[in-house]
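Accompanying notes for the structure given below.
Protein chains: 2
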Amino acid sequence: MPPSPAKAREIELREETILGVARQLLLDRGYFGMTMDRIAEQVDFSKGTLYGHFGSKEDVLCALALESERKRTEFFQRAARFDGSPRERMTAVGAAYELYFRLHPTYFRSEQLIHSQELLTKIAPERQAEVMQCGAKCHGLMTAIVEDAVRLRQLALPRTLTPGTLTFLLWSLTSGAYSNLGDPEHLRQLGVANPVEAVRHACQTFLDGLGWKALSTQHDYAKTVRQVFSRCFPEEMAEAILMPAA
Amino acid sequence: MPPSPAKAREIELREETILGVARQLLLDRGYFGMTMDRIAEQVDFSKGTLYGHFGSKEDVLCALALESERKRTEFFQRAARFDGSPRERMTAVGAAYELYFRLHPTYFRSEQLIHSQELLTKIAPERQAEVMQCGAKCHGLMTAIVEDAVRLRQLALPRTLTPGTLTFLLWSLTSGAYSNLGDPEHLRQLGVANPVEAVRHACQTFLDGLGWKALSTQHDYAKTVRQVFSRCFPEEMAEAILMPAA
DNA sequence: AATTTTATTGACGCTTCGTCAATCCCCGCC
DNA sequence: GGCGGGGATTGACGAAGCGTCAATAAAATT
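Going line by line, the protein sequences match chains A and B. In the working numbering, each number is its position in the first sequence, counted from 1, plus 32. In the working numbering, each number is its position in the second sequence, counted from 1, plus 32.
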């Protein structure tokens, strides 16, 4: 009575198919346009089977978010391994976030949806937990870099500022800015020409304000970013160049 | 056949009633719990009449967001009039945002919903435009403060950083952090004890990094914040003290 | 080949949004 | 007071989506 391995494999693969279709629908038609019936229609099996894999529409969305979180976590890990000072490594993580955002806007979108809405109710708990873990992992990666800098006496944190809090702030600035991007034309009217670059600068300025050495007056962090791109993300950069203009 | 003034007044007032009920539902039961039928049930007239005032559920939500934006704009205006240096006035605006966030979490929530989701499709255009205007107004208030500082030579912006962009960054940091608050217990596990205070410090550190005078080493901006609260928002502070613990 | 176990289906129940023909009510007029 | 008319109000209804489950098909076992 155990199902044959071939069948089992097919069932595994189906999950990917579903998520692929769902992601495209989310991109093209938004949250409300991504209906379970439409997904079922585009994969070649029925809604009932769909619900065998995912307990609810929100569960599908959460699975998408989880893929996203995993991708981002992978990007962060690669960046955090950059060979350089803690501040360079933190810069590398920022570059990774930027690249992730540019290459995978759909991923970023599904993350946002999961976090912004109260969709967390009808979700498989283990999936929810895994999403949280990814977030915690990314946070931990960055916090470890801060702690390295403190250990090396390149950064002296004020008493009220914990490493975790500093991470929270950098994270908030970046994700907040990316969330606010919306319509580029509207931004231009507000006098914001290049928000992504602005975020890079703002992070550096903030770290300068904290006195995290080497200060950006003493080190060319723009160069670090270029190095991170070419060393940690060579393939992704090639991909980025070929992408349609953002 | 022109409707009697009494009737007309009643109709006007109804709009407020609807929004009050809607806001409470949004707070208690979330976006999906706020159904048109429930709203109709709690006000004492029917769904049809409801749809005479608001074209769709999203339109109701947008009206809520508009109230919020107006409230925030008013807070910002009062703060921007604070009697002090440009940097003190910018600090005042930050304090106003903080107060707004603390006093009106529901308001903040409806704003977020409007901006985060693709709810903008089925909305009365004039309402949508008004929301945008409020946003632009707040942005303009802050940008004007930056420009004052530049004019007074208390701030020298790098060539690539426009006043509008600086506003965008401060805004992103603050709103991004507030959006990420979510569960305080979870934050504590990440080593974030007092996020709101952390945001205040981060803004100051960022401005220090830009060299906006007077630097926070030369001036006590915590004192400025206290002054702003007591001078610009005396009544709201009394209210805040009486509020249930956040 | 028969039987049991598992996988799949899509019609169905339920909820919600938004509409609209029928109804009500208020007002001036006879 | 009774009547007529026009805007205001209603709630039943159609459409669409989510999630279920009895019925059916497929696969595995004997």
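Where a beta carbon is used, it is the ideal one built from N, C-alpha and C, also for glycine.
**Prompt:** Where does Ala270(B) land, buried or exposed, given buried means 16+ other C-beta within 10 angstroms?
**Reply:** Ala270(B) is exposed by the Cβ-count criterion.
**Request:** Give a yes or no on whether the minimum CB-CB distance between Pro34(A) and chain B is below 8 Å.
**Result:** Below a pLDDT of 50, predicted positions are generally treated as unreliable, and Pro34(A), at 49, falls in that range; no measurement from the model is reported.
**Asked** Should Phe108(A) and Ala127(A) be called a contact, given that it needs their Cβ atoms to be closer than 8 Å?
**Response** no
**Prompt:** Got a sec? Which residues, its chain only, sit under 7 Å from Ala54(B) by beta carbon, not counting five neighbours each side?
**Reply:** Met66, Ile71, Val92 and Leu96
**Message:** With distance defined between alpha-carbon atoms, name the residue in Lys89(A), Ser78(A), Met275(A) and Leu239(A) nearest to Leu58(A).
**Reply:** Lys89(A)
**Request:** Determine the chain A residues that contact Asp240(B) at a beta-carbon separation under 7 Å, and present them in chain order.
**Result:** Gly241
**Request:** Say whether chain B places a C-beta atom closer than 8 Å to the C-beta of Ala225(A).
**Result:** yes
**Asked** In whole angstroms, what separates the C-alpha of His233(A) from that of Pro137(A)?
**Response** 22 Å
**Message:** I need the straight-line Cα distance from Pro34(B) to Lys103(B), nearest angstrom please.
**Reply:** Any answer about Pro34(B) is weak, because its pLDDT of 49 lies below 50 and its placement is not dependable; what the coordinates show is given next. Cα to Cα, the separation comes out at about 34 Å.
**Asked** Which of helix, strand or coil does DSSP assign to Pro34(A)?
**Response** Bear in mind that a pLDDT of 49 at Pro34(A), under 50, signals an unreliable position, so the number given afterwards is only what the model happens to contain. In the structure shown, Pro34(A) sits in coil (DSSP, three-state: anything other than H, G, I, E or B).
**Request:** Just the chain A side, please: which residues come within less than 9 Å of Phe285(B) by C-beta, in chain order?
**Result:** The requested residue 285(B) is not part of the displayed model; chain B covers only 33 to 278.
**Straight-line gap, His171(A) to Ile43(B) (C-alpha atoms, nearest Å)** = 52 Å
**Asked** Roughly how many angstroms lie between the CA atoms of Leu205(A) and Ser142(A), to the nearest whole one?
**Response** 19 Å
**Request:** Could you name the residues of the segment 186-216 of chain A whose beta carbon sits closer than 8 Å to any beta carbon of chain B, in the order they occur along the chain?
**Result:** Cβ contacts with chain B: Pro190, Thr192, Leu193, Thr194, Pro195, Gly196, Thr197, Thr199, Phe200, Leu201, Trp203, Ser204, Leu205, Thr206, Ser207, Gly208, Ala209, Ser211, Asn212 and Gly214.
**Request:** Count the other C-beta atoms from every protein chain shown that fall within 10 angstroms of the C-beta of Leu274(B), then say buried if there are 16 or more, exposed otherwise.
**Result:** exposed
**Asked** If Arg159(B) and Leu98(B) are in contact, beta carbons under 8 Å, what's the gap, nearest whole angstrom?
**Response** 6 Å
**Message:** Within 8 Å, do at least three Cβ pairs link the segment 191-204 of chain B to the segment 227-247 of chain A?
**Reply:** Yes: the two stretches touch, three or more of their Cβ pairs being nearer than 8 Å.
**Cutoff 8 Å: Thr256(B) Cβ touching any chain A Cβ** = no
**Asked** In three-state DSSP terms, what is Thr67(B)?
**Response** coil
**Prompt:** Comparing the C-beta of Gly62(A) with each C-beta of chain B, is any distance below 8 Å?
**Reply:** yes
**Request:** Confirm, please, whether the CB-CB distance from Thr175(B) to Thr199(B) is below 8 Å.
**Result:** Judged by their CB atoms, Thr199(B) and Thr175(B) are nearer to each other than the 8 Å cut-off.
**Prompt:** Under 8 Å between the Cβ atoms of Gly116(A) and Thr256(A)?
**Reply:** yes
**Prompt:** When Cβ atoms are compared, which residues of the segment 66-98 of chain B fall closer than 7 Å to chain A?
**Reply:** none
**Asked** Is it buried or exposed for Glu181(B), if we count other Cβ within 10 angstroms and need 16 for buried?
**Response** What sits at residue 181(B) in the sequence shown is Ala, not Glu. Looking at its Cβ environment, which holds 16 or more other Cβ atoms inside 10 Å, Ala181(B) is buried.
**Request:** Kindly say whether Gln56(B), judged by its beta-carbon, lies nearer than 8 Å to any beta-carbon of chain A.
**Result:** Using beta-carbon distances, Gln56(B) does not count as an interface residue toward chain A, since no partner is under 8 Å.
**Item:** Per-residue DSSP class, three states only, for Glu162(B)
**Value:** In the structure shown, the three-state DSSP call for Glu162(B) is helix.
**Buried or exposed by the 16-neighbour rule on C-beta atoms within 10 Å, applied to Glu217(A)** = Here Glu217(A) is exposed: its Cβ has fewer than 16 other Cβ atoms, across all protein chains shown, within 10 Å.
**Message:** Taking the straight line between their C-alpha atoms, what separation do you get for Tyr63(A) and Gly243(B)?
**Reply:** 43 Å
**Message:** Could you check whether the Cβ of Gly172(A) sits closer than 7 Å to any heavy atom belonging to the ligand NAD?
**Reply:** The ligand NAD is not among the ligands present in this structure, which contains no ligands whatsoever.
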